[in-house]
Amino acid sequence: MIKFVHTGDIHLGLQFNSVTFNRDTAHYRRAELWSTFKRIVDYSQDEDMDFLLIAGDLFESKYFTLGDMMRLRDIFKAAEDVNIVIAAGNHDYLGGNSLYKKVEWSDNVHIFQAGGISKIDFPELDTVIFGYSWDRVEIRNHQLFDDYDFDDGMKNRILLIHGDIGSNSNYLPLNLDRLKQLDLDYIGLGHIHKPEIFTNKIAYCGSPEPLDFGELGERGFIQGHIEDGETVVEFIPFSKREFLHKTIQINENMSFQDIYELIRNVDGNKALDYYRIELNGYRQDDIKIGDLQLLVKDDFHYIEIIDNTSPDYDLVALERDYRDSVIGEFIKEMKDKGLDDPLVKKALYYGLDALLKGRVDI
Ligand SMILES: [Mn+2]
């Protein structure tokens, strides 16, 4: 039996420019990518994995330094009993000046060369790993597997590749049906940051730490083993934090304190996770969402509030200003029906939305 951990899309060195992080938050998150990656390497060593498969985008070439690369080298060297196998992706592609080529790796580290599919044999484990490293930032080749002969005498056969399951991608389009036809025990994929197990033999590992609010939900890696031609895989949640997007509906009857409590009591782990909270509905005219944001900051590791609220209607002023029009008549009629009835009040607000704002999303 062979045991493996499959990870990828770690993006060490990421600057988080596309996230609404300030400098300190980005700096801190960058450090966390390193610590989680090291935890994965340590886990592989401690759990006696035969292989740690890295399916590309291990780091950001644009921001990575030689010092960072030496740090990686030392982390890998410490896991000397694990075969660490790397296929480069589009963010860490193996061009002529790649940092991958600038350090001397320990014997347990194996990196696929660029220029087509190649293979690395591990005779003592009766295993062959096929792989493909990117040599540029975009690849449109659809025929990657057509000319390659996956024949090999080894019992366990794995493919490691960074690519996009989808037909018209600029990022190495892969066809799932074509992958299923390959006579392999496991295909470890990188590029899509959401983990997905297609079959027990084909999976995206996903990013081990989520990188922005587009990456909601659990993150971790794939762990698996192959025994007598049978492959078993499972997703192992491993990220330190999650990104969460919550929507809170408020209304014009809620006080500042009411809304504050709603935000504070939102579910999830406030001390750990990244929250984006969207407030919808009508608020009392004088409630400042900016003040709420300042107040709740201390309750969360990270929070940003998206304010979609509208100030409440001033019915007295509206009725006066639109006295001789259908709007004034409408307000008067609904008031006569009794605004204490929540249904009547709701109907009044929908009506005013339609009449005053042209909003008819009922
Ligand atoms: Mn990636």
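Residue numbering for the sequence shown follows our numbering, starting at 14 and increasing by one per position. Think of the CB as a built atom: it goes at the ideal place given N, C-alpha and C, for glycine as much as any other residue.
Environment of residue i [buried if 16+ CB atoms lie within 10 Å]
i	result
residue 170	buried
residue 68	buried
residue 10	Not covered by the structure: residue 10. The range shown for the chain is 14 to 375.
residue 338	exposed
residue 41	exposed
residue 255	buried
residue 296	buried
residue 350	exposed
residue 103	buried
Cβ-heavy atom distance, residue i to ligand 1, below 8 angstroms
i	result
residue 203	yes
residue 74	no
residue 102	yes
residue 176	no
residue 69	yes
residue 63	no
residue 252	no
residue 206	yes
residue 22	yes
residue 180	no
residue 48	no
Boundaries of the alpha helix (DSSP H) in which residue i is found, first to last residue
i	result
residue 46	36 to 59
residue 346	339 to 350
residue 217	Unbroken run through residue 217 is the beta strand (DSSP E), 215 to 217; no alpha helix (DSSP H).
residue 357	355 to 370
residue 309	302 to 309
residue 97	From DSSP, residue 97 is part of no alpha helix (DSSP H) but of the beta strand (DSSP E) over 96 to 99.
Per DSSP, cross-strand counterpart(s) of residue i
i	result
residue 296	324
residue 246	237
residue 187	178
residue 20	67
residue 127	146
residue 269	For residue 269, which the question treats as bridged, DSSP gives no partner whatsoever.
residue 229	256
Residue range of the beta strand (DSSP E) that includes residue i
i	result
residue 262	256 to 263
Span separating the alpha-carbon of residue i from that of residue j
i	j	result
residue 38	residue 24	16 angstroms
residue 127	residue 99	11 angstroms
residue 244	residue 14	10 angstroms
residue 211	residue 182	19 angstroms
residue 375	residue 363	In this predicted model, residue 375 has a pLDDT of only 46, less than 50, meaning its place in the structure is not dependable enough to derive any value.
residue 232	residue 368	46 angstroms
residue 226	residue 32	8 angstroms
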